[in-house]
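Engineer: A single structure is presented below for examination.
Chains as they are written, first to last, in this note's numbering: chain A, 233 to 389; chain B, 233 to 389.
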């Protein structure tokens, strides 16, 4: 895709995340985009992202759902305000809670596709519901409650 | 500690997990031990395991809770059968569902301590409840429903 990912709009100080920071060279670099009212992310696991041989590690699945969902929350908040993602002030969400149901083992070959819907967005809170599929089969479902980063958050700088 | 970790008893074909496999050189190599009726795991995040600068990535927290919980489920199943962990047949659990509440930002300096209690173990299912602390403060709580690996699971070999 030629469009910019949600995560590519994050300011530099919020772009260090192991899951989705474009500036974290060790990280997963999750990239999320709108597809109508849904958001979509495609991810190709590394061979070492294994659980038992042949299947994807559940912690990776949780990580993908986490970052794709907070990215979706951010993009949805801009939409709710009628703003583009490159406008100030930036909106960045963190995870208050994460739930994942592992429905079946997720094969490690080929890309994983995550699709999310924003179930609720109100004030500083968003609830994002996600499916993770491989080869057209839904292998996991996730729900994330995301909250906008508090203004008093110290950034360790 | 000189005792063997729960994960060090896993047979080789189940020791490839990115989170806790002793044979996965790229992985986190989570190690869990009994401390009375609780299980404990200590983990030192890498500097790149960051969320926003200064704090631990939530996906790493989910991964640690995941592998520490399934390891605890395995060890608890041996205990329930009155068996040592080096006896046959091996017992290995996978995650059916994972829930994490992020209570406060988790500082990235210093070790993280996970402590789990087995809330339920019955048949092939175990429910494990976990706290993750940093510097004595509980930063996250997790609950994992773990199930013993089905005998018909194909291992991709």
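From the three backbone atoms N, C-alpha and C, an ideal C-beta is built for every residue, glycine too.
1. Using DSSP's beta-bridge definition, name the partner residues of residue 353 of chain A.
2. Distance cutoff 9 angstroms, beta carbons only. Does residue 369 of chain A sit that close to anything in chain B?
3. Compare the C-beta of residue 248 of chain B against all C-beta atoms of chain A and say whether one is closer than 9 angstroms.
4. Suppose the cutoff is 6 angstroms on Cβ atoms and the five residues either side in sequence are ignored; what does the same chain contact list for residue 247 of chain B look like?
5. Tell me whether residue 262 of chain A is buried or exposed, calling it buried when 16 or more other Cβ atoms sit within 10 Å of its Cβ.
6. Does chain B have any CB closer than 9 angstroms to the CB of residue 260 of chain A?
7. In the DSSP assignment, the beta strand (DSSP E) including residue 330 of chain B goes from what residue to what residue?
8. Using a Cβ cut-off of 7 angstroms, pull out every chain B residue sitting near residue 360 of chain A, in sequence order please.
9. Against chain A, which members of the region 266-289 of chain B pass a CB distance test of less than 8 angstroms?
10. Using 8 angstroms for Cβ pairs, my map puts residue 304 of chain B next to residue 271 of chain B. What's the rounded Cβ distance?
11. Taking only beta-carbon atoms, is residue 344 of chain B less than 9 angstroms away from chain A?
12. Measure the C-alpha to C-alpha separation of residue 362 of chain B and residue 310 of chain B and round it to an integer number of angstroms.
13. Output yes or no for whether 9 angstroms exceeds the beta carbon distance between residue 250 of chain B and residue 281 of chain A.
14. At 9 angstroms on the CB atoms, spell out the chain B contacts of residue 320 of chain A, in chain order.
15. Among A/316, A/265 and A/236, which has the Cα closest to the Cα of residue 349 of chain A?
16. Helix, strand or coil: how does DSSP classify residue 254 of chain B here?
17. Is residue 360 of chain B closer than 9 angstroms to residue 351 of chain B when the C-beta atoms are compared?
18. Could you give the residue range of the beta strand (DSSP E) that holds residue 271 of chain A?
19. Which residues mark the beginning and the end of the alpha helix (DSSP H) in which residue 312 of chain A is found?
Structural biologist: Taking the structure as given:
1. A/358
2. no
3. yes
4. 253, 254 and 255
5. buried
6. yes
7. 325-334
8. Chain B residues near residue 360 of chain A: none, gap ~14 angstroms exceeds 7 angstroms.
9. 278, 280, 281, 282, 283, 284, 285, 286, 287 and 289
10. 4 angstroms
11. no
12. 19 angstroms
13. yes
14. Within 9 angstroms Cβ-Cβ: nothing; residue 320 of chain A doesn't reach chain B, min ~18 angstroms.
15. A/265
16. coil
17. yes
18. 270-275
19. 290-312
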